[in-house]
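Colleague: Just so you know, the protein sequences line up as chains D and L, in that order.
If you want the numbering used here, it's the position in the first sequence, counting the first as 1, plus 23.
If you want the numbering used here, it's the position in the second sequence, counting the first as 1, plus 113.
Beta carbons: idealized from backbone N, C-alpha and C, even for Gly.
From a predicted model like this one, the values you see are computed outputs, not experimental measurements.
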Amino acid sequence: MSLLEIKNAHLKLDNKEILKGVSLSVNKGEVHAIMGPNGSGKSTLSYMLAGREGYELETGEILLEGNPLNEMSADERARSGLFLAFQYPVELPGVGGMSFLREAVNSRRKFLGEEEFDHLGFVKEARKEASKMFVKDEMLKRAVNVGFSGGEKKRFEILQMAMLKPKVSILDETDSGLDVDALKIVSEGVNAQRNKENAIVVITHYQRLLDYIVPDFVHILSDGAIIKSGGPELALEVEKNGYAGLINAA
Amino acid sequence: MVATQETIDKVKEVSQSYKYGFVTNLEAEKAPLGLNEDIVKFISKKKKEPNWLLEWRLKAYKKWLTMKQPKWAMVDFPEINFQDIYFYSAPKTKPKLNSLDEVDPELLKTYEKLGIPIKEQEMLAGVAVDYVFDSVSVATTFREKLEKEGIIFCPISEAVHYYPELVKKYIGSVIPVGDNYYAALNSAVFTDGSFVYIPKGVRCPMELSTYFRINEQNSGQFERTLIIAEDDSYVSYLEGCTAPQRDENQLHAAVVELIAMDNAEIKYSTVQNWYPGDKDGKGGIYNFVTKRGNCLGKRSKISWTQVETGSAITWKYPSCVLRGDESVGEFYSVAVANNAQQADTGTKMIHIGKNTKSTIISKGISAGKAQNTYRGQVQIQKSASGSRNFTQCDSLLIGDKCGAHTVPYINQFTPSARVEHEATTSKISEDQLFYCLQRGLDTEQATSLIVNGFCKEVMKELPMEFAVEAQKLIGISLEGSVG
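1) Can you tell me which of the three DSSP states Val113 of chain D falls into?
2) Taking Gln183 of chain D as the reference, give the member of D:Leu269, D:Gly200, D:Glu260 and D:Val209 with the closest Cα.
3) In terms of DSSP beta bridges, what is Cys267 of chain L paired with?
4) Using the rule of at least 16 other Cβ atoms within 10 Å of the residue's Cβ for burial, across every protein chain shown, is Ala272 of chain D buried or exposed?
5) Are Ser440 of chain L and Lys414 of chain L closer than 8 Å when you measure CB to CB?
6) Should Glu126 of chain D be flagged as near chain L, meaning a C-beta pair shorter than 8 Å?
7) Please look up how many angstroms separate the CB atoms of Leu586 of chain L and Ile541 of chain L, rounded, as I've assumed it's under 8 Å.
8) Pick out whichever of D:Tyr78, D:Glu137 and D:Gly74 has its Cα sitting closest to the Cα of Leu36 of chain D.
9) Among the residues of its own chain, which have a CB less than 6 Å from the CB of Asp247 of chain L, if the five just before and after it don't count?
10) Rounded C-beta distance between Val402 of chain L and Ala367 of chain L? I'm assuming under 8 Å.
11) Using the Cβ count rule (16 or more neighbours within 10 Å means buried), how would you classify Ser154 of chain D?
12) Could you tell me whether any Cβ in chain D is nearer than 8 Å to the Cβ of Leu550 of chain L?
13) Starting from Lys569 of chain L, find everything on chain D with Cβ-Cβ shorter than 7 Å and list it in chain order.
14) Can you tell me whether Thr179 of chain L is buried or exposed, with buried defined as 16 or more other CB within 10 angstroms of its CB?
15) What are the start and end residues of the beta strand (DSSP E) that includes Gln522 of chain L?
16) Would you check if the distance between the CB atom of Gln363 of chain L and the CB atom of Ala73 of chain D is smaller than 8 Å?
17) At a CB-CB cut-off below 8 Å, which residues of chain D make contact with Gln505 of chain L?
18) Between which residues of its own chain and Ser594 of chain L is the CB-CB distance below 8 Å, once the five residues before and five after are set aside?
19) Does Leu257 of chain D pass the burial test, meaning 16 or more other C-beta atoms within 10 Å, or should it be called exposed?
20) Using DSSP with H/G/I as helix, E/B as strand and the rest coil, what is Ser508 of chain L?
21) How many Å lie between Tyr388 of chain L and Glu352 of chain L at the Cα?
22) Step through the CB atoms of chain D and report whether any lies within less than 8 Å of the CB of Val136 of chain L.
23) Helix, strand or coil: which one does DSSP assign to Asn400 of chain L?
24) If you measure between the beta carbons of Ala185 of chain D and Met156 of chain D, is that distance less than 8 Å?
25) Given this structure, state the Cα-to-Cα distance separating Leu80 of chain D from Lys51 of chain D, to the nearest angstrom.
26) When burial is assigned at 16 or more other CB atoms within 10 Å of the CB, is Met319 of chain L buried or exposed?
27) Please report the straight-line C-alpha distance between Asn407 of chain L and Ala342 of chain L, rounded to a whole angstrom.
28) Below 7 Å on C-beta distance, what does Leu554 of chain L contact in chain D?
29) Checking contacts by CB at 8 Å: is Gln216 of chain D closer than that to chain L?
30) By the DSSP assignment, the alpha helix (DSSP H) with Leu167 of chain L in it spans what residues?
31) By a C-beta neighbour count over all protein chains shown, 10 Å radius and 16 as the cutoff for buried, is Phe240 of chain D buried or exposed?
32) Where DSSP assigns a beta bridge to Cys408 of chain L, which residues make up the other side?
33) For the alpha helix (DSSP H) that contains His142 of chain D, what are its first and last residues?
34) Which residues in the same chain as Phe195 of chain L place their Cβ atom closer than 6 Å to its Cβ, once the five residues preceding and following it in sequence are excluded?
35) Quick one, are the C-beta atoms of Gln182 of chain L and Val113 of chain D less than 8 Å apart?
36) With 16 other CB atoms within 10 Å as the buried threshold, where does Asn138 of chain L fall?
Below you can see the structure in the form of structure tokens.
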């Protein structure tokens, strides 16, 4: 049984078909990259998987560990172990980073039947993970994403991933707006999460990120459907010939 | 057959007592319906008040008769019939239930969410419990501690007897009898309230809470509170209760007067959750309160912090009169209006002394079909040179059927003062909600988190225990408003 399965997903937005039959199988321990030009449906795919309102499937199925995700609300999917690292993380004025993290982690733990963290216990755990991501204490005291630079926002997303320990993580253009140093830190953070039990789906335009987070499989998404799949060398092909070349050949 | 003399006498006796029934029969638990001079006298006599106070009440009553119910606020309610209200009922007439099983399950659910222990739940819901031992022992140790410092904290009805000079000197000095319609009414018929006196140089060692007033069993319909802080003193006073309080009386018109002398500070915090009525607002409580602080002394400071989530209608403007040079007035408020609630609340900062400073931070949250109005007045008199005011009023709208209104009045009569006013209006964005949902929080948790973030600047002014309860309360009062 695959960890994440997308079966022939069709989705419309404002009456326009965006996903035109996407199918994907992601197994435990795998890292898949989804690449594609602007407008190919990458963000739509990630919102659809995460269960955002308005992004329901017309037809098709999505399964997490065999369980139908279609019937679960966004928060239920999250508690079941689905994580989305946002491309543009939104600001939450007045909501302290540490409290936010704790609430998120505790709701996952509650779902799993594990003991929830109390305030002090959590702070210890958070600081440990935060230092790995070069997230300073001071940043956790600030309101979530308020006044954060692009790099800080992405680092905070990956910190959340590290603390939530999801089964399937979808990284939506995590590299956008990052300089090389930030890219390295974020990639190291992601790679540290890779293990035999989970899976990661990396959505990106550029091959560069995939130098650091080396995928097992690469898929090209164009006009709402996956037109080609291959190994990491497929990404290099995109780099060389651009999307147009691949799309024409398909 | 001719009636015996005994019968004739008996009949005479009975008919006489019908004529003046309620005056002679002081054992009555309730005054008859309505308000007139005799009722005022009845209340005063029941409380065994000295004559000067009765005269004061009568003056207020006569003034009230000349006034009209004010209609300028953005709140809508059927005209109150004052002849249809009981203006006095002795404590202990509150209907007692036998157990929590008889209490409205909705109420119990709220108590549980607020984490209130069972014994306290029983007390709040009006279940007949034998808690006398507990409250007496707690109140006793508490009072002893205060007495050692010379601090007076007792019901105002007691203060009238034991400290008449103090009461006489200050009552009505901040809010005169004719100040407004409801203050006049309160002055005539006030039942009880807190009296606090902090002597010179004393810093009150603990937060004074209405919970500790022994008489606090009956929710006062017309509460009257008077707090006096002498030179160089400090007190923090907590009013209210996060647990929803039902009351058979619909109108609550309290009066709170605060007086701060040189270098004194009074911190007054309120968490109010009166019953808001059903989804259509029926049966809810009207909270029409007059609260004012007199910063009499130099460098005196009075701060009002309020979290208002209940009542069908909230109509109040806790204010500060900044007389002493360099005195400071602060107002921090979160007002939540959901379903059919209405709120017209704000503050008045009157700058009279030089270099006085005021800060106003108001957070209004509207949901359902509620209407929430911030009404503020910043008055800088000619004498108040070098004064400063900073006002920030933010509104958060949840859903598309509610309303938020801002009515600021700024009157500045000296060019050397500085007044700043900022206002924002926002909605809880779908992006923000989705972000929280994607982290495993359900809609209610997410809303509560975002709303509390919105209110943070105000919440951090509340004493800690109150702040934790208030946060939970805000979350509960907005249940069902999103999604």
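Modeller: Looking at the atomic coordinates:
1) coil
2) D:Val209
3) L:Phe308
4) exposed
5) yes
6) yes
7) That belief does not hold up - the Cβ atoms of Leu586 of chain L and Ile541 of chain L are roughly 18 Å apart, past 8 Å.
8) D:Tyr78
9) Because the pLDDT at Asp247 of chain L is just 37, under 50, the model does not fix this residue reliably, and the value given afterwards should be weighed accordingly. So the list is empty, once near-sequence residues are dropped.
10) 5 Å
11) exposed
12) yes
13) Gly117
14) exposed
15) Checking the sequence shown, residue 522 of chain L turns out to be Tyr, not Gln. Segment Gly516 to Gln525, the beta strand (DSSP E) holding Tyr522 of chain L.
16) no
17) Per Cβ cutoff of 8 Å: no residues; Gln505 of chain L is ~13 Å from chain D at best.
18) Asn451, Ala480, Gly481, Ile511, Gly512 and Thr560
19) buried
20) strand
21) 16 Å
22) With a pLDDT of only 28 at Val136 of chain L, under 50, the local geometry of the prediction cannot be trusted, and the value read off the model is given with reservation. No, Val136 of chain L does not count as interfacial toward chain D.
23) strand
24) yes
25) 24 Å
26) exposed
27) 11 Å
28) Asp98, Glu126, Ala127 and Ser130
29) no
30) Asn164 to Leu178
31) buried
32) L:Ala373 and L:Leu435
33) His142 to Lys155
34) Leu148
35) no
36) Its pLDDT being 34, under 50, Asn138 of chain L is placed unreliably by the model, and nothing is read from it.
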